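Using the working numbering, the first residue of the sequence shown is number 3, and each one after it goes up by one. Ideal placement from N, C-alpha and C gives every residue a C-beta, glycine not left out. The model shown is predicted, which means the values in this text are computed figures rather than measured ones.
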Amino acid sequence: MTRFPDAQDQAAKQDRGKVRWSLLLEHVPRALESVIAVRAYGESKYGTSESWKTVEPERYLEAAQRHLVAAFKGERMNAEDGGVNHIAQAVVDLLFALEIEERRLAHGDE
């Protein structure tokens, strides 16, 4: 029989201050699936999942803007890039730019 924790058991779990991945995973699963589809397409296009690390973040910001402009023009899917969603492509570009920035800050690079 499954035993469910009571309130006292829950108080013992030390998760305060930890990242709550569920804030995204539970609430935007379809959007995340579209973002993952963009990454899968990119991996097949460029032959590796690591190639993004060699690109300057400014190029990702420019690419994100291009995808957002296309979305604002009503172009939902990018026929030139495997039919993936333009907004999802913008999200991936922004995530790459942010990740590069965060890594540089973590290493003391400005």
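Collapsed DSSP secondary structure at residue i in the structure displayed
i	result
Val37	helix
Val86	strand
6 angstroms Cβ shell around residue i - same chain, five flanking residues per side excluded
i	result
Tyr62	Asp95, Phe98 and Ala99
Residues near residue i by beta carbon distance below 8 angstroms, same chain, minus five either side
i	result
Leu34	Leu26 and Leu27
Met79	Gly85, Val86, Asn87 and His88
Residue i versus residue j - alpha carbon distance
i	j	result
Pro59	Glu103	8 angstroms
Tyr43	Val21	28 angstroms
Ala92	His69	5 angstroms
Asp17	Ser24	13 angstroms
Ser46	Ala81	16 angstroms
Ala73	Lys15	44 angstroms
His109	Thr50	24 angstroms
Glu52	Arg106	17 angstroms
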